[in-house]
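J.: Structure in structure tokens, see below.
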Amino acid sequence: MLAHRLEGIPPTIFSEMSALAVRIQSVNLGQGFPDVDGPPEVIARAVHALESGQNQYAPGIGIPALREAVARHQLRHYGLELDPDRQVVVTTGCTEGIAAALLGLVDPGDEVVVLEPYYDSYTAMIQMAGGVRRPVTLRAPSFRLDPDELRAAVTPRTRFVLLNSPHNPTGTVLTRAELQAVADVAIEHDLVVITDEVYEHLVYDGREHVPLATLPGMFERTLSLSSAGKSYSFTGWKVGWATGPAELVGAVLAAKQWLTFTSGSPLQPAVAYALDEEPDHPARLAAGLRERRDLLCAGLAAVGLDVRVPEGTYFATTDISALGWPDGRSFCLALPERAGVVAIPTQVFYDSDAGRQLVRWAFCKEREVIEEGLRRLSGADLSA
272 MLAHRLEGIP
282 PTIFSEMSAL
292 AVRIQSVNLG
302 QGFPDVDGPP
312 EVIARAVHAL
322 ESGQNQYAPG
332 IGIPALREAV
342 ARHQLRHYGL
352 ELDPDRQVVV
362 TTGCTEGIAA
372 ALLGLVDPGD
382 EVVVLEPYYD
392 SYTAMIQMAG
402 GVRRPVTLRA
412 PSFRLDPDEL
422 RAAVTPRTRF
432 VLLNSPHNPT
442 GTVLTRAELQ
452 AVADVAIEHD
462 LVVITDEVYE
472 HLVYDGREHV
482 PLATLPGMFE
492 RTLSLSSAGK
502 SYSFTGWKVG
512 WATGPAELVG
522 AVLAAKQWLT
532 FTSGSPLQPA
542 VAYALDEEPD
552 HPARLAAGLR
562 ERRDLLCAGL
572 AAVGLDVRVP
582 EGTYFATTDI
592 SALGWPDGRS
602 FCLALPERAG
612 VVAIPTQVFY
622 DSDAGRQLVR
632 WAFCKEREVI
642 EEGLRRLSGA
652 DLSA
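Start counting the sequence shown at 272; every next residue gets the next number (this note's numbering).
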């Protein structure tokens, strides 16, 4: 009974592995959700909204206070001036933003260039929209963008680039030079770029997140997506946004109105408060995450895994080739029984075999959780 548009799309790996973690009572270093909520005052604002009658439909485009706060956020951090009534739309998390952008912009047969490995909703939604994905691989161990491979992926049928930086799952933060290569290709071939920037504030070691929309000639052809979930540790609230030229934002709204129409009415004023009144929280969060990144990466290296230390996001990647497993999936399926720990096989985010031996680990957990996971790994036989 499954519609053809869903054929070949497996269930998301995150549901599968998180359910496995619960069933076997494993330490979940797989799915990227934090153990601790964001600022208490932001939660208090949501409670106040719930108790003061803000529980009915919000406008489909989002409440004015949140759209205005998003516009101020983009101006404060990146110098981007936006009209909150025409160039900002609130979405049910960035995942709906991706879905609405692709459904609202992509016609059947349009090609979409996407960085591989990719967040799994990208390929699902490209397929549902009738698009054709054109992967460009970020190759281990450095996971850098090759401008020549990017250019080679573009054909006369290419209309879009779906770009993610800071990049999940590799942790790569694209440099200005890499972003300029994307901009050059987009301008030369008249492409629209959809950017997923949910980890925009979670970068480490002095690196800088540069929105593609800030590069010369790119604002008018860039749709930028983000959310409060990662930067403020409210992943379950699912409050995100899309910003950019009015015609691109309008396409998101045109599709979104038939998806959720609106959601999270009492959460939207709380997120507006977070953006305006807790602007330093993401930087404090990033500092704590950097410490936990270093803890996790050192521990994974100590148990014999080849670790790539990420430049941003919640995630570190390891190569398990030396352990003798045929692939990362078989390793991850055996790991809960072997060690009582869950991780994510990165190969599910590839079209090619380039990620066959890679495994993703999340460090957005409390220090005690990471330490317990590492203790279990150190006491287990991880070889095939």
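The beta-carbon is built from N, C-alpha and C at its ideal position, and this holds for glycine as well.
(1) What are the boundary residues of the beta strand (DSSP E) that includes G511?
(2) Whole alpha helix (DSSP H) runs in the stretch 547 to 631 with 4 or more residues, listed along the chain?
(3) Here's the rule I'm using: 16 or more other beta-carbon atoms within 10 Å means buried, otherwise exposed. How should V318 be labelled?
(4) Using CA coordinates, which residue listed in W596, T366, A452 is at the minimum distance from D391?
(5) Indicate whether the contact test is met: 3 or more Cβ pairs, each with one atom in the stretch 593 to 607 and one in the stretch 376 to 386, closer than 8 Å.
(6) Less than 7 Å between C-beta atoms, sequence neighbours within five positions excluded: which residues of the same chain meet that for F634?
(7) By the three-class DSSP mapping on this structure, what secondary structure does A522 have?
(8) Pick out whichever of I591, T485, R600 has its Cα sitting closest to the Cα of L450.
(9) Let's see if you can read the secondary structure: which residues bound the beta strand (DSSP E) around R405?
(10) Starting from D354, follow its DSSP beta bridges and name the residues at the other end.
(11) Can you have a look at Q618 and say buried or exposed, based on whether 16 or more other CB atoms are within 10 angstroms of its CB?
(12) Considering just the uninterrupted stretch of the beta strand (DSSP E) at S504, what are its terminal residues?
(13) Looking at P540: is its Cβ nearer than 8 Å to the Cβ of R316?
(14) With the cut-off set at 8 Å, would you say V313 and G333 are in Cβ contact?
(15) Can you give me the Cβ contacts of A454 inside the same chain, cut-off strictly under 6 Å, excluding the 5 residues immediately before and after it?
(16) Can you tell me the Cα-Cα spacing of L337 and E518, whole angstroms?
(17) Based on Cα-Cα distance, which residue from G583, E582, S592 lies nearest to L576?
(18) Excluding the 5 residues preceding and the 5 following R405 in the sequence, name in chain order all residues of the same chain whose CB lies nearer than 8 Å to its CB.
(19) Going straight from the alpha carbon of A522 to that of A543, what length do you get?
(20) Should K527 and A371 be called a contact, given that it needs their Cβ atoms to be closer than 8 Å?
(21) Going by DSSP in three states, T429 sits in which element: helix, strand or coil?
(22) With a 10 Å radius around its C-beta and 16 neighbouring C-beta atoms as the bar for buried, classify Y328 as buried or exposed.
(23) Given S536, which residues of its chain have a CB within under 8 Å of its CB, disregarding the five upstream and five downstream residues?
(24) Assuming the contact rule is C-beta atoms closer than 8 Å, A610 and L556 should be a hit. Round their C-beta distance to whole Å, please.
(25) With a threshold of 7 Å on Cβ separation, who are the neighbours of G595 within its own chain once the five nearest residues in sequence on each side are excluded?
(26) Using DSSP with H/G/I as helix, E/B as strand and the rest coil, what is L321?
(27) Given that a residue counts as buried once 16 or more other Cβ atoms are within 10 Å of its Cβ, and exposed if not, what is E387?
(28) Quick one: residues in its chain with C-beta nearer than 6 Å to the C-beta of S534, no 5 flanking neighbours on either side, listed in chain order?
(29) Are S436 and V469 touching if we call contact CB-CB under 8 Å?
(30) Taking all protein chains shown into account, do 16 or more other C-beta atoms lie within 10 angstroms of the C-beta of V463, making it buried, or fewer, making it exposed?
(31) So, do the stretch 298 to 314 and the stretch 274 to 290 have three or more beta carbon pairs nearer to each other than 8 Å?
(32) What residue from L538, V612, V432, W529 has the CA that sits closest to R646's CA?
T.: Checking against the coordinates, here is how it stands:
(1) Note, G511: beta strand (DSSP E), 511 to 514.
(2) 552 to 573, 599 to 610
(3) exposed
(4) Ranked by Cα distance from D391, the first of W596, T366, A452 is T366.
(5) no
(6) L560, R563, R564, L567, Y585, A587, I641
(7) helix
(8) T485
(9) 403 to 408
(10) None; D354 has no bridge partner.
(11) buried
(12) Counting along the chain, S504 falls outside any beta strand (DSSP E), and DSSP gives it neither H nor E.
(13) yes
(14) Not closer than 8 Å, so no.
(15) Close CB contacts of A454 within its chain, under the 6 Å cut and outside five residues either way in sequence, are with L486, M489 (chain order).
(16) 20 Å
(17) S592
(18) A distance below 8 Å between beta-carbons, with the five flanking residues on each side excluded, links R405 to the following residues of its chain, in chain order: E382, V383, V384, V385, A424, V425, T426, T429.
(19) Computed Cα separation, rounded: 23 Å.
(20) yes
(21) strand
(22) By the neighbour-count definition (other C-beta atoms within 10 Å, threshold 16), Y328 is an exposed residue.
(23) A320, Q325, N326, Q327, Y328, A329, I334
(24) Cβ atoms of A610 and L556 stay farther apart than 8 Å, at about 28 Å.
(25) Once the five neighbours on either side are set aside, the close Cβ partners of G595 are S654, A655.
(26) In the three-state DSSP reduction, L321 falls in the helix class (H, G or I).
(27) buried
(28) T363
(29) no
(30) buried
(31) Verdict: yes, contact present.
(32) V612
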